[in-house]
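Contents: one structure, followed by commentary.
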Amino acid sequence: MICEICGKTIQGKVFNVRVEGANLKVCDKCSRFGTDRQSWSKYGKAPIESEGIVLPIKPRMSSSPVSKEEYTLIDDYHILIRDTRESKGWSQKELGMKINEKESIIHHIETGEFSPSDELIKKLERILDIKLKDKLEVGIDIKSKQSSKETTIGDIIKIKKK
């Protein structure tokens, strides 16, 4: 028989040991790497009872799409940001310093090359006193088509901007 750890032929007694959850047949030298079969528990380790503070389990909030309002970035966000910044008389560098962002980020946002993250949108809305997000209203329009093709989800759902 061959040792399942070192691969050598087993001379003498074969040991059944558990190494990291795997039951292996090993030689005498490799038997020290696992626990012997006699010490195995049929049911695993007993649960440890701890004393101390028991924290209550908070119920999870359900994230149902019906109650959740969705927002999307307006189409001309970059123009609105640039115009508002210029009306306040700030340079891109000054705006960047006020919201703790690099001037290059402001430049990329104003040219439309970069869509700002939600965190950055909040900063810009607060400093420039503008609104960059619109609510999305998802409505269901059921149309009765008398054509021979089947109805798809695209035929039923219509997304409107508020």
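Following the UniProt record's numbering, the numbering of the sequence shown begins with 1 at its first residue and continues without gaps. Note that beta-carbon positions come from the ideal geometry of N, C-alpha and C, so glycine has one too. Keep in mind it's a predicted model, so treat the numbers as computed, not measured.
C-beta contact flag for ARG85 and LEU73 at 7 Å: For ARG85 and LEU73, no; Cβs fall outside 7 Å.
The alpha helix (DSSP H) enclosing ARG18, as first and last residue numbers: Taken as a continuous stretch (DSSP letters only), ARG18 belongs to no alpha helix (DSSP H), being part of the beta strand (DSSP E) at 15-19.
Span of the alpha helix (DSSP H) around LEU95: Here the alpha helix (DSSP H) through LEU95 covers 92-99.
Distance, GLU119 Cα to SER67 Cα: Note that SER67 has pLDDT 45, beneath the 50 cutoff, so the model's placement of it is unreliable and no number is given.
Nearest-angstrom Cα separation, counted from ILE127 out to HIS78: Going by the C-alpha atoms only, they are around 15 Å apart.
Neighbour-count burial assignment, PRO110, 16 or more Cβ in a 10 Å radius: Residue identity check: residue 110 is Glu in the sequence provided, not Pro. Buried, since its Cβ has 16 or more Cβ neighbours within 10 Å.
N- and C-terminal bounds of the beta strand (DSSP E) containing LYS25: Counted as a single uninterrupted DSSP element, the beta strand (DSSP E) harbouring LYS25 occupies residues 22-26.
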